[in-house]
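Take a look at the structure below.
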DNA sequence: CTCGAAATCAATCAACTGATTGATTGATGA
DNA sequence: TCATCAATCAATCAGTTGATTGATTTCGAG
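Chains as they are written, first to last, in the working numbering: chain A, -12 to 183; chain B, -12 to 183.
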């Protein structure tokens, strides 16, 4: 008995499959090695079919970016910050990054690949810059508040401090996996360097 | 009057020209967009001539890497650290990075491109990892010494601290140029977070 | 059941790209 | 002066890659 095989899918479903396959390939091989043929093969469709659903390679890349942006937007909404002290907010923010490293390292890698692509593609650059600025600003606001409320050092520079924190977190992306073991020590070090 | 035109160059001279052109192109367009034809065109020679002097594209990339490594090795030798306190050594190290950002931003960019290439080329990865580890270790040693001598905090974790410093410095690479203006504030913030 | 639209595919194009071949040119030591 | 060899180039190859064309298959509304 042959199983029931659906031969045609809706554009909406196909586009999601295509985005997922492209995401995986970008993470595996880097965005500059992304090939439309490989994406099609992974989905199990012909190249022409891929182009039918996603007209150009550039459109494919933006499909992936937009999904990434949506994911992080939802992620932020999911964790309420109400009633937390600046120190707790700082710790929560760092903890969320750690959890992302554990549960979705592929998306952090994808982020990095997209930043890279941003160097030569202005539209990609704009979208990624917006995401980075938003993340950085969260830390700036937390440090400002903590300084005002007297929980952090009086001579703390919130902008420079935020730069340090985000820099230290992103740095894990470029280090071998086994160095993840020092994450908590780095998190402690960040906290120690800000509190009074 | 026609100028004296030398038509043939020694392999040694040509290889240097080729390495310089390749370096510039990698910095301009990213290493994944490096094309042997463009390198040849920039030097003003035929593709076959380029392959005569540098047999493969991979050899070309390693030619550039080795020149980069030599440059940083010389750079380190050039600045004596004798008789400096840990705090002074930390400040010197940060200052040298700043000067590199001003005088040779292209080499920092090249470094980044090579790290990127390292994701898919194990030989490149090995060479770049060695450079990064060496740089990181300098900060670890400085922080250790400063802690022992009582100039830095007693609860300072040298490894985590070094990760923070290098992360904060490298982070400038991924930010818009105008944010270079906060460099000194970040440097101050680093120092403030380590001293007693 | 039927027909038109949506989805799919085989075949192919045109441009790009790393590398090679074989012939030519120029510098240099004897 | 000339023979040799390093250096150079025009032409070409073979494989890759994003995209298109035109024909075929499948689905679902009527």
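Even for Gly, the Cβ is constructed at its ideal location relative to N, Cα and C.
If you draw a 10 Å sphere on the C-beta of residue 35 of chain A, you find fewer than 16 other C-beta atoms in it, and that means exposed. The straight-line gap separating the alpha-carbon atoms of residue 159 of chain B and residue 59 of chain B is approximately 19 Å. In this structure residue -5 of chain B is exposed. Its beta-carbon is surrounded by fewer than 16 other beta-carbon atoms within 10 angstroms. Going by beta carbons, residue 152 of chain B and residue 16 of chain A fall outside the 8 Å limit. Taking the CA atoms as reference points, residue 56 of chain B sits about 19 Å from residue 41 of chain B.
For residue 180 of chain B, the closest Cβ of chain A is nearer than 8 Å.
Judged by beta-carbon spacing, residue 26 of chain B lies beyond the 8 Å limit of residue 50 of chain B, meaning their Cβ atoms are not closer than that value.
Taking a cut-off of 8 Å on C-beta distances, the region 72 to 85 of chain B does not touch the region 143 to 151 of chain B, as fewer than three cross pairs fall below it.
Rounded to the nearest angstrom, the gap between the Cα atoms of residue 11 of chain A and residue 31 of chain A is 15 Å.
Between residue 154 of chain A and residue 89 of chain B, the beta carbon gap of about 19 Å keeps them out of contact (Cβ cut-off 8 Å). Between residue 183 of chain B and the set B:167, B:135 and B:169, the nearest pair of CA atoms involves B:135.
Beta-bridge partners of residue 182 of chain B (DSSP): B:139.
Here the alpha carbons of residue 132 of chain B and residue 76 of chain B stand approximately 10 Å from one another. Proximity of chain B to residue 173 of chain A at the Cβ level (cut-off 7 Å) is accounted for by 147, 150 and 151, in chain order. Taken through DSSP and simplified to helix, strand or coil, residue -7 of chain A comes out as coil. Chain-order list of chain A residues neighbouring residue 114 of chain B: empty, with the shortest C-beta distance near 15 Å, by a criterion of under 9 Å. Listed along the chain, the chain B residues whose CB falls inside 7 Å of the CB of residue 176 of chain A are 144, 147, 148 and 151.
By the neighbour-count criterion, in which 16 or more other beta carbons inside 10 Å mark a residue as buried, residue 39 of chain A falls on the exposed side. For residue 40 of chain B, the enclosing alpha helix (DSSP H) has its first and last residue at 34 to 40.
Residues of chain B with a Cβ closer than 7 Å to the Cβ of residue 158 of chain A are, in chain order, 150, 153, 154 and 157. For residue 90 of chain A, the enclosing alpha helix (DSSP H) begins and ends at 73 to 90. Scanning chain A for C-beta atoms nearer than 8 Å to the C-beta of residue 33 of chain B yields nothing, as the closest lies near 27 Å away. One Cα belongs to residue 94 of chain B, the other to residue 164 of chain B, and the distance between them is close to 15 Å. Interface with chain B (8 Å Cβ-Cβ cutoff): residue 161 of chain A is included. Look at residue 162 of chain A here: in three-state DSSP terms it is coil, with no helix or strand label. Legend: CB atoms of the region 17 to 28 of chain B lying less than 8 Å from CB atoms of chain A belong to residues 17, 19 and 20.
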